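Heads up, the thing below is written out as structure tokens.
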Amino acid sequence: MLLGQGKQNRIYECEDTLEGILSGIYQAWDAVYGHEYIHLTVPSAGGGDMVLFSEYHTVIPDAKQANKVVKTIRKKVSEEVCEILLGALYSKNPDKADAVYHVLPGAFCMGSRVMGNLTDPYVRAVFEMNRNVQHEAHEYLGFLRFEEQEEGILLARFAPKNDLLEIVAPHFEDRFPEENFIIYDTSRKRAAFHQKNHEFFLRGLSEEEDKQFFQVTSKEMDFQKMWKLFVETIAVEDRENKKLQRSLLPYHFRKYMTEMH
Amino acid sequence: MAVVYQENMGLMEKLRILSDSAKYDVACTSSGVDRKGAALNMGNTAACGICHSFSADGRCISLLKILLTNECIYDCKYCINRSSNDIIRTSFTPEEVCTLTSEFYRRNYIEGLFLSSGVQHSPDRTMEQIIKTLRLLRETYHFNGYIHCKAIPGADGNLVEMAGWYADRMSVNLELVTAEGLKRLAPHKNRKNILLPMRKIQDGIEEGRQMLGFCGGSKGAYWHTQRRLSGKTEKEKLEEDTVRLFGKEREKTSDALDAAGGFKVPSVLSDSVKQRGFVPAGQSTQIIIGATPETDFEVMSVVEALYRRFDLKRVFYSAFVRVNDDANLPVLPGGPPLLREHRMYQADWLLRYYGFSAEEILTKERPNFNVLLDPKCNWALGHLEMFPVEIGRADYFQLLRVPGIGPKSARRIVEARKNAVLGFDDLKKLGVVLKRALYFITCSGQMLYPTKLEEDYIVRHLLDASSGKFPAHLCGEKFTYRQMSLFDVGGILDPGTGEGLCC
Ligand code: SF4
Numbered sequence: 073m074l075l076g077q078g079k080q081n082r083i084y085e086c087e088d089t090l091e092g093i094l095s096g097i098y099q100a101w102d103a104v105y106g107h108e109y110i111h112l113t114v115p116s117a118g119g120g121d122m123v124l125f126s127e128y129h130t131v132i133p134d135a136k137q138a139n140k141v142v143k144t145i146r147k148k149v150s151e152e153v154c155e156i157l158l159g160a161l162y163s164k165n166p167d168k169a170d171a172v173y174h175v176l177p178g179a180f181c182m183g184s185r186v187m188g189n190l191t192d193p194y195v196r197a198v199f200e201m202n203r204n205v206q207h208e209a210h211e212y213l214g215f216l217r218f219e220e221q222e223e224g225i226l227l228a229r230f231a232p233k234n235d236l237l238e239i240v241a242p243h244f245e246d247r248f249p250e251e252n253f254i255i256y257d258t259s260r261k262r263a264a265f266h267q268k269n270h271e272f273f274l275r276g277l278s279e280e281e282d283k284q285f286f287q288v289t290s291k292e293m294d295f296q297k298m299w300k301l302f303v304e305t306i307a308v309e310d311r312e313n314k315k316l317q318r319s320l321l322p323y324h325f326r327k328y329m330t331e332m333h
Numbered sequence: 144m145a146v147v148y149q150e151n152m153g154l155m156e157k158l159r160i161l162s163d164s165a166k167y168d169v170a171c172t173s174s175g176v177d178r179k180g181a182a183l184n185m186g187n188t189a190a191c192g193i194c195h196s197f198s199a200d201g202r203c204i205s206l207l208k209i210l211l212t213n214e215c216i217y218d219c220k221y222c223i224n225r226s227s228n229d230i231i232r233t234s235f236t237p238e239e240v241c242t243l244t245s246e247f248y249r250r251n252y253i254e255g256l257f258l259s260s261g262v263q264h265s266p267d268r269t270m271e272q273i274i275k276t277l278r279l280l281r282e283t284y285h286f287n288g289y290i291h292c293k294a295i296p297g298a299d300g301n302l303v304e305m306a307g308w309y310a311d312r313m314s315v316n317l318e319l320v321t322a323e324g325l326k327r328l329a330p331h332k333n334r335k336n337i338l339l340p341m342r343k344i345q346d347g348i349e350e351g352r353q354m355l356g357f358c359g360g361s362k363g364a365y366w367h368t369q370r371r372l373s374g375k376t377e378k379e380k381l382e383e384d385t386v387r388l389f390g391k392e393r394e395k396t397s398d399a400l401d402a403a404g405g406f407k408v409p410s411v412l413s414d415s416v417k418q419r420g421f422v423p424a425g426q427s428t429q430i431i432i433g434a435t436p437e438t439d440f441e442v443m444s445v446v447e448a449l450y451r452r453f454d455l456k457r458v459f460y461s462a463f464v465r466v467n468d469d470a471n472l473p474v475l476p477g478g479p480p481l482l483r484e485h486r487m488y489q490a491d492w493l494l495r496y497y498g499f500s501a502e503e504i505l506t507k508e509r510p511n512f513n514v515l516l517d518p519k520c521n522w523a524l525g526h527l528e529m530f531p532v533e534i535g536r537a538d539y540f541q542l543l544r545v546p547g548i549g550p551k552s553a554r555r556i557v558e559a560r561k562n563a564v565l566g567f568d569d570l571k572k573l574g575v576v577l578k579r580a581l582y583f584i585t586c587s588g589q590m591l592y593p594t595k596l597e598e599d600y601i602v603r604h605l606l607d608a609s610s611g612k613f614p615a616h617l618c619g620e621k622f623t624y625r626q627m628s629l630f631d632v633g634g635i636l637d638p639g640t641g642e643g644l645c646c
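Here it is in structure tokens:
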């Protein structure tokens, strides 16, 4: 940390959304201040303790700026690297904005090879964050459970550690084009809504609204019972290994899984 | 309402019986084919496979694994459904299977259906019933998710082929690797009636691709590894295969099938069924471990031949569980031989991804796996003259042979060393398990610590390093127990292409 003398650190505080962070990247880059003196934080994700002798900027999200950043990375670096950087931005890690920002100078000069440079701490951090996000998203593709409500609407609740709605929703949209479904992130109070044969959209959903959905049908109860029965029956007694089951399906995933209650 | 309730009770009971008797089949993976969803249909598939739950034995649940019926005219000694057992018999109707599959699927309980069956009346009748069910599911229920179905040994080739148009993966279980084993424990089965349908499926996949351009049967990891080792392009290797399969070298079993009529696309198929192609996720088989006295070397040699000659995607290993009290069945005091099964999966991994041959892993003189060490470590200790390997120079396949380095870390090393000279700290970051690798590698000519390149010395240290966690987890590296079990059931570790460990 540079104290008092020389150049001050400059800190950009971003909103915890793709648009917020990408706008922060745009504004910080635009300032041409010297990358090593620039840091991005996401206060609402738990980042950004006050640092003395720093200059603070609050980033106002701007869709145009955010789009420009994405386009530039796609064009000048690569599609694939862009996906990795965006993936990292869904992370729960409050350092994500800073790490992604500091991968960019290298990315613009090395091109698509930048992610191979795992000995660079920022590249490594982004790599890990994206991996963690993708891994959790992959798990939820399987662990998410839909419950049928009156009128056939399917409702799934989950509480992922990373912000996964935008990653998992397209998978289910592709899988169930003919269904009306809702995927609700109970900790972020946001949901993806999919109406039959339409594109999904995201919006906030309060707990009160969520409670109104709790109207599962008796047919639903029958299938839940059958599913539970199946999961119990399919285990081979002579091979019982609860420890292994626990390590493959940790408790935090089980909260909304029908068969685990 | 009351009627529905009654019906559901009946369905519930059938589900209990017909999933209970299907549970010993281990091939519960949904991997190997990537298919987007389609309007008016329900479902898509992911090449890397998706696990939906884990049962109390720690195995992945991804498919609704059921028998169509547990009635059976055969009497395989190891099987709970054998004709001589006095158990409750029941069958699903095709409609019931479709209801369960689609209702489970839309709740995201499963990736699809794994349909097996006892042999009711005759192999042909059973195969017909399977086809009827799958057709209903695809054509009437518009189910576009994953389907794995069994080919019944002894069924007519044309019926086997028909099922292949509705399934993503098919399997014929070899169960026992020796002819004597089969004769003793599965008197109605023999190599011929098992290998014939296997060859039929393989031919269908090949011909489908070559003549009709279907997406069917992407090649397995074994094929890709062999191709890379021989430095061939995909095209060259495919051409070589054509000669092997359809040219002079064509094997006898296929000739017999040729006489019965070549491969054609049945006219009854709808376009959407044709588009999915013929068995696009390839075929697999299962082998029971420990029911008969063959050596590990015999098993792995047969497995290698299956990969090479039948282009199997996967071989699954199932530790023998003694469900019947029968004088022909061994009593294994330690219960199912899980460690042995685990070693089989490790060795299988070496065949498919590392380019080892069965004869490198085991020999006639030492025909069984080492209890203490995983097969790769065991091999390295027998070949110390090939070490240490220099990280800055060794090629991909040389790196792969170092204990503590897996396909992922080997790939990362090759990539990262273009940008920087790698030291031991870097290797750790790239995912190398240093406490195992350190005896076998140098970075810029230096070893991490002064160590002896000596078998006893290394074994002692390797075992110490795993401090007390004897025996299963001792072989950490890429083979932690956790990963093996995932891999055992497919899960995220079953790539379709052999190019990566995960999608
Ligand atoms: S054929 Fe053999 S293994 Fe298959 S169900 Fe019948 S008895 Fe069991």
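Residue numbers (our numbering), protein chains in the order written: chain D, 73 to 333; chain G, 144 to 646. Glycine residues also receive a C-beta, built at the ideal position from the N, C-alpha and C atoms. If you're wondering where the values come from, they're calculated on a predicted model, not measured in any experiment.
Per DSSP, cross-strand counterpart(s) of residue i
| i | result |
| --- | --- |
| G/E318 | G/I430 |
| G/V458 | G/T428 |
| G/V464 | G/V464 is not bridged to any residue. |
| G/Q369 | Answer is none; G/Q369 lacks a bridge partner. |
| G/M185 | G/F286 |
| G/F257 | G/K208 and G/H291 |
Per-residue DSSP class, three states only, for residue i
| i | result |
| --- | --- |
| D/Y162 | coil |
| D/Y221 | With the sequence shown as reference, residue 221 of chain D is identified as Gln, and Tyr is not the correct amino acid for it. DSSP places D/Q221 in strand when its eight states are reduced to three. |
| D/L112 | strand |
| D/R82 | strand |
| D/A264 | strand |
| G/S196 | strand |
| D/I254 | strand |
| G/G566 | coil |
| D/L216 | coil |
| D/E312 | coil |
| G/M487 | helix |
| D/I93 | helix |
| D/T130 | strand |
| G/I584 | strand |
| D/E280 | helix |
| G/C203 | strand |
| G/F540 | helix |
| G/S87 | There is simply no residue 87 of chain G to check, as chain G begins at 144 and stops at 646 in what is shown. |
Proximity below 8 Å, CB of residue i to CB of residue j
| i | j | result |
| --- | --- | --- |
| G/R536 | G/T435 | no |
| G/M185 | G/F247 | no |
| G/S427 | G/R312 | yes |
| D/L237 | D/A264 | yes |
| D/V131 | D/S95 | yes |
| G/L154 | G/L207 | no |
| D/K334 | D/L274 | As shown, chain D starts at 73 and ends at 333. That puts residue 334 of chain D outside it, with no answer to give. |
| D/Q221 | D/Q287 | yes |
Own chain residues within Cβ distance below 7 Å of residue i, not counting five before or after
| i | result |
| --- | --- |
| D/E331 | W299, K300 and V303 |
| G/L573 | S552, R555, I556 and A559 |
| G/E620 | For G/E620, the predicted structure reports a pLDDT of 39, less than 50, and the residue's modelled location is therefore unreliable. A value from the coordinates is still provided. Only P546, G547, G549, V576 and R579 meet the Cβ criterion. |
| D/P232 | E208, Y212 and D257 |
| D/A100 | Y84, I110, L112 and Y173 |
Neighbour flag for residue i against chain B, beta carbons, 8 Å
| i | result |
| --- | --- |
| D/L157 | In the structure shown, chain B does not exist; the protein chains are D and G. |
Residues of its chain near residue i, where Cβ-Cβ distance is below 6 Å and the 5 sequence neighbours each way are ignored
| i | result |
| --- | --- |
| G/L543 | Y497 and A553 |
| D/V205 | G159, Y162, S163 and N234 |
| D/E325 | In the sequence as displayed, the identity of residue 325 of chain D is Phe instead of Glu. Excluding sequence neighbours, D/F325 sits near F215. |
| D/P133 | E87, E91, G92 and S95 |
Legend entry - Touch test, the segment 324–337 of chain G against the segment 283–302 of chain G, Cβ-Cβ under 8 Å, three pairs minimum: yes
Legend entry - Segment contact flag, the segment 158–168 of chain G with the segment 210–225 of chain G, C-beta cutoff 8 Å, min 3 pairs: yes
Legend entry - Given 8 Å, three or more beta-carbon pairs between the segment 306–326 of chain G and the segment 191–202 of chain G: With contact defined as three or more Cβ pairs closer than 8 Å, the segment 306–326 of chain G and the segment 191–202 of chain G are not in contact.
Inset, instruction - Pair every Cβ in the segment 277–289 of chain D with every Cβ in the segment 227–245 of chain G, then say whether three or more of these pairs are closer than 8 Å. - result: no
Legend entry - Contact between the segment 579–599 of chain G and the segment 526–541 of chain G (3+ Cβ pairs under 8 Å): yes
Inset, instruction - May I ask you to verify whether the segment 336–343 of chain G touches the segment 373–386 of chain G, counting CB pairs closer than 8 Å and requiring at least 3? - result: Here the segment 336–343 of chain G makes no contact with the segment 373–386 of chain G; the two share fewer than three CB pairs at distances below 8 Å.
Inset, instruction - Kindly confirm or deny that the segment 417–426 of chain G and the segment 174–193 of chain G touch, where touching means at least three C-beta pairs closer than 8 Å. - result: yes
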